[in-house]
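Accompanying notes for the structure given below.
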Amino acid sequence: MSDQENEKKTDKSSQQSMWGGRFGAGPSAVMQEINASIGFDKRLYGEDIAGSMAHADMLASTGIITAEDRDAIHAGLEQVRAEIEAGAFTYDPALEDIHMHIESRLREIVGDAGARLHTARSRNDQVATDFRLWCRGAIERFDELYAAFISTLLDVADTHADTIMPGFTHLQTAQPVTLGHHIMAYVEMAMRDRARLMDCRGRLNESPLGAAALAGTGFAIDRHQTAEALGFDAPMNNSLDAVSSRDFALELLATLSIAATHLSRLADEIVLWATPAFGFLTLSDSFSTGSSIMPQKRNPDAAELIRAKVGRISGAMNGLMMVMKGLPLAYSKDMQEDKEPVFKAVDDFELCLVAMTGMMADFRPNPAAMRAAAGQGFSTATDLADWLVRELKMPFRDAHHVTGAIVKLAEGENCDLADLTLDQMQSIEPKITSAIFDVLSVEASVASRTSFGGTAPENVRAQISAARKKLDDLEKLSVTES
Ligand code: ARG
């Protein structure tokens, strides 16, 4: 913007009727530019209209406005909604935000009744109310998306309850596990993320409306009525807290950041497994792209982007933390900066969750490659040590040492543990018998791990049915609640 434009004063007429009573001239163009939030908060129109309708109903039922005014306000707000949804609404940066836009248009449509709507209300409690409603809506969408995601993961886990793959620690082959077990780990994470979102919903679901600018109001309003009408559990107890707290938004961003790290880890494994060096899975055409120079390439772009998005989502959380840090009570305009990070993080996360669900529905593992890799790297060495403990009553530390020597021998011979002869094993520990060979296969290893939460296929199947039941119970709960 040029200096000349900077100094240019804007037409004061739009604000005149909202707050311009004591002002001589309108704000400078740059003031208007930094002040306006309409560019992003227009997304709150539905929540703003719902809040205004509940407020108007309450003003009428407490006798603060007449029933005629209430009806006019309702009809006017419906018209505003229709105009916005038809793309026929005119936005004007001079009107700052969505609240002033809707109210100003309402006054054009219904006159004085519209000018009475702002009685016993401030934009401070209004925006806090709208934003809570918006976040609640996002959480409810995520809840449904999680149900689909978890159910997709469960199908994959079910199909692959017996598919053997290497389990890793330090990304080094550790012990064989099943693919079903591995996927069920993500089901556990997803179920916690879903529950965390619902916890967040529980805490945010209180109504700021009626806190007015900061101190409450002298009008005999009924905050319980508006809270109930908007589906809140209760009005917030403290008017200062009601207008100035954004921990609900921070909590949502923190929850999404955690959930995004889980998606990111799964995405990373897809990237890794799809590389020919691993060869554990083939990417479907729908979720990969080609290279413009290397014709053989199939790139896991969707997985890579999901892996990356957590950066933006947790960045949004950190950004809002910095906005809120050190702000005095009650409202400050700083808080207008709460919306963009939340909108962006919610959009990003939604895209990640939908894309990941699609990728898992299209999941094409290569069991032969997984099985072959599971047998490499002496992955049943722990089973060998456990056998020495069980059968020869050797203390585990000694068994660990003996096993280490056997692994070293196999390494020298360039063969797997199961390929060593009994004589070779006995050269290290004479008491070893041929029964040792029963525990050296990856199948035996996996089948033996029946401890609660372990990888044995029968365990994994039990975990899958328990998770399906939990998912169904949650589904029934949401059906009866709605
Ligand atoms: N657009 C503002 C926001 O998002 C609404 C509240 C403005 N309040 C005020 N006192 N200027 O925070």
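Residue numbering for the sequence shown follows numbering that gives the first Met the number 0, beginning at 0 and increasing consecutively.
Just so it is clear, CB atoms sit at the ideal spot from N, CA and C, and this is done for glycine as well.
Keep in mind that this is a model prediction, so the values were computed, not measured.
| field | Backbone secondary structure at E46 - three-state DSSP | value | helix
| task | Could you name the residues of the same chain whose beta carbon sits closer than 7 Å to that of L152, not counting the 5 residues immediately before and after it, in chain order? | result | I182, Y185, V186, A189 and M359
| Whole-number beta carbon distance between S444 and T402, since they are thought to touch under 8 Å | In fact, because the Cβ distance is near 13 Å, the residues do not count as touching under 8 Å.
| said: When you measure from the CB of K343 to every non-hydrogen atom of ligand 1, does any distance come out below 7 Å? | reply: no
| task | Could you please give the first and the last residue of the uninterrupted beta strand (DSSP E) stretch that includes M164? | result | I163 to T168
| said: Which same chain residues end up closer than 7 Å to N204 when comparing Cβ atoms and leaving out the 5 residues on each side of it in sequence? | reply: R135, F231 and D232
| Assuming A114 contacts I72 under a Cβ cut-off of 8 Å, what Cβ separation, rounded to an integer in Å, is found between them? | At roughly 10 Å, the Cβ-Cβ gap does not stay under 8 Å, so A114 and I72 are not in contact.
| message | Between L116 and E107, how many whole angstroms is the CB-CB distance? I'm expecting something under 8 Å. | response | The Cβ separation is near 13 Å, so there is no contact.
| field | Counted within 10 angstroms of its Cβ, other Cβ atoms place T274 as buried (16 or more) or exposed | value | exposed
| query | Any chance the region 243–261 sits against the region 337–349, with 3 or more Cβ pairs inside 8 Å? | reply | yes
| task | Would you mind listing the alpha helix (DSSP H) stretches within the region 25–79 that are 4+ residues and don't spill past its ends, in chain order? | result | 28–34, 37–40 and 44–60
| task | Less than 8 Å between the CB atoms is what I'm expecting for I305 and L251, so what's the real figure, rounded? | result | In fact, because the Cβ distance is near 19 Å, the residues do not count as touching under 8 Å.
| Under three-state DSSP, which class holds Q425? | helix
| Residues bridged to E205 (per DSSP) | A233
| request: Please classify T288: does DSSP put it in a helix, a strand, or coil? | output: strand
| query | Just reading off the beta strand (DSSP E) that T172 is part of, what are its end residues? | reply | Q171 to T177
| message | For Y145, count the other beta carbons within 10 Å of its own beta carbon; 16 or more makes it buried, fewer makes it exposed. Which is it? | response | buried
| Near D157, which residues of its chain fall below 6 Å by C-beta distance, leaving aside the five closest residues on each side in sequence? | I463
| field | Same chain, Cβ closer than 6 Å to A219, five either side skipped, listed in chain order | value | T61
| query | Using a threshold of 7 Å, is the CB atom of S51 nearer than that to any non-hydrogen atom of ligand 2? | reply | Judged by which ligands are present, ligand 2 is missing from the structure shown, whose ligands are ligand 1.
| In this structure, does DSSP put S1 in helix, strand or coil? | Reliability of the predicted coordinates at S1 is poor, the pLDDT of 47 falling under 50, and no value is obtained from them.
| message | Suppose you measure from the CA of G453 to the CA of H159; what does that come to, to the nearest Å? | response | 15 Å
| request: Answer yes or no: do L94 and I37 have a C-beta to C-beta separation smaller than 8 Å? | output: yes
| request: With a 10 Å radius around its C-beta and 16 neighbouring C-beta atoms as the bar for buried, classify A55 as buried or exposed. | output: buried
| query | Any heavy atom of ligand 1 closer than 7 Å to the Cβ of V322? | reply | no
| Could you give the distance in angstroms between the alpha-carbon of T281 and the alpha-carbon of K308? | 23 Å
| field | Contacts around A266, its chain only, beta-carbon distance under 6 Å, and the 5 residues preceding and following it disregarded | value | A302, I305 and R306
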